[in-house]
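There are 2 protein chains.
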Amino acid sequence: MDTTTDEQLAAWAKALGHPARVAIVRALAARGTCVCGEIVEVLPLAQSTVSQHLKVLREAGLVQGTVDGPRTCYCLQGDSLRRVQSAFGDLFASLCSCCC
Amino acid sequence: MDTTTDEQLAAWAKALGHPARVAIVRALAARGTCVCGEIVEVLPLAQSTVSQHLKVLREAGLVQGTVDGPRTCYCLQGDSLRRVQSAFGDLFASLCSCCC
DNA sequence: ATCGTTTATCGCAAATCAACGATAAAAGGG
DNA sequence: CCCTTTTATCGTTGATTTGCGATAAACGAT
Chain A
1 MDTTTDEQLA
11 AWAKALGHPA
21 RVAIVRALAA
31 RGTCVCGEIV
41 EVLPLAQSTV
51 SQHLKVLREA
61 GLVQGTVDGP
71 RTCYCLQGDS
81 LRRVQSAFGD
91 LFASLCSCCC
Chain B
1001 MDTTTDEQLA
1011 AWAKALGHPA
1021 RVAIVRALAA
1031 RGTCVCGEIV
1041 EVLPLAQSTV
1051 SQHLKVLREA
1061 GLVQGTVDGP
1071 RTCYCLQGDS
1081 LRRVQSAFGD
1091 LFASLCSCCC
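As given, the protein sequences belong to chains A and B, one line each in that order. Quick note: the first sequence uses the numbering used here, first residue 1, plus one each step. Quick note: the second sequence uses the numbering used here, first residue 1001, plus one each step.
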């Protein structure tokens, strides 16, 4: 309960704080199995830009990429995502409805 | 189910994508009732910086501020936060454990 | 060994963000 | 009407982000 630091939580949120990266996560969640350059076809962005976004998600620990021949296969990192979800849950759990 | 656009979800995440803003949300959740300039005392930041962060949270719809005399009283916007939480839940719900 | 394919990285330009001090605006008290 | 307190906004500076094309790196196939 609430063992996540503000920095960790902010880092996760920041990684998800761009429409393209949300779209990437959504695409990975939808396909279930991993994808690689197919993401480039889905998004209206250059290959280098998509690769950059994937790097951000990878460095945040939300996504995992394993090299498979000339291509790289990506998938969501379930453990991290579940921790993100519960961290947000903890954050919002203790809000009371009283206001000014 | 998944009625939130990538832009909306990213905007929420972006607003939470800074340690100071997570700290503000946490402080508001802890105090339950609204706070105003007390937040400045909690954070190691200048008053103008905190005010800026509050503006970001307000524009994202996560926080509500009502003017009360010379001061402004802030509180978490429960409805939005619940929607944020469920949107993240939907995002991560459909992840399968199969990977590369 | 040399292609073609796929992906990561580099370098750059434009845009945005973060933080601050200074200043304005609002409101209550003398 | 002046202070004081509290908060928002302005203007500026430096850092980071975003997007791209160009290029390098890895690998399978010919």
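Cβ coordinates follow ideal geometry from the N, Cα and C atoms, glycine included.
Specify the secondary structure class of residue i as computed by DSSP and reduced to three states.
i: L28 of chain A; result: helix
i: P1044 of chain B; result: coil
Residue range of the beta strand (DSSP E) that residue i falls in?
i: V63 of chain A; result: V63 to D68
i: L54 of chain A; result: Unbroken run through L54 of chain A is the alpha helix (DSSP H), Q47 to E59; no beta strand (DSSP E).
Give me the chain A residues within the contact set of residue i, using Cβ-Cβ distance strictly less than 7 angstroms, ordered along the chain.
i: H1085 of chain B; result: First, the amino acid is wrong: residue 1085 of chain B is Gln here, not His. Within chain A, the residues near Q1085 of chain B are F88, G89 and F92.
Tell me which same chain residues have a C-beta within less than 6 angstroms of the C-beta of residue i, skipping the five on either side of it?
i: V84 of chain A; result: W12
i: Q1047 of chain B; result: V1040
Residues in its own chain within less than 7 angstroms of residue i by CB, not counting five upstream and five downstream?
i: A15 of chain A; result: R21, V56, L57, A60 and L62
Which chain B residues sit within Cβ distance under 8 angstroms of residue i?
i: G26 of chain A; result: The identity of residue 26 of chain A in the sequence shown is Arg, whereas the question assumes Gly. Within 8 angstroms Cβ-Cβ: D1006 and L1091.
Give the range of the alpha helix (DSSP H) segment to which residue i is assigned.
i: L1076 of chain B; result: Looking at the DSSP string, L1076 of chain B is not in any alpha helix (DSSP H); the run it does join, the beta strand (DSSP E), is R1071 to L1076.
i: L1009 of chain B; result: D1006 to A1015
i: V1035 of chain B; result: Where V1035 of chain B is concerned, there is no enclosing alpha helix (DSSP H), given that its DSSP letter is neither H nor E.
Closer than 7 angstroms by beta-carbon distance: list the chain B residues that pair up with residue i, in chain order.
i: P179 of chain A; result: Given that chain A is displayed from residue 1 to residue 100, the structure contains no residue 179 of chain A and the question cannot be resolved.
Mind pulling the chain A residues with CB within less than 9 angstroms of residue i?
i: V1040 of chain B; result: The premise fails here: V1040 of chain B is roughly 16 angstroms from chain A at the closest Cβ pair, so nothing lies under 9 angstroms.
Under 8 angstroms Cβ to Cβ from residue i, same chain only, skipping five residues before and after it: list those, please.
i: A1029 of chain B; result: L1076
**Q.** Interface positions of the segment 1042-1062 of chain B facing chain A (Cβ-Cβ less than 8 angstroms), listed along the chain
**A.** none
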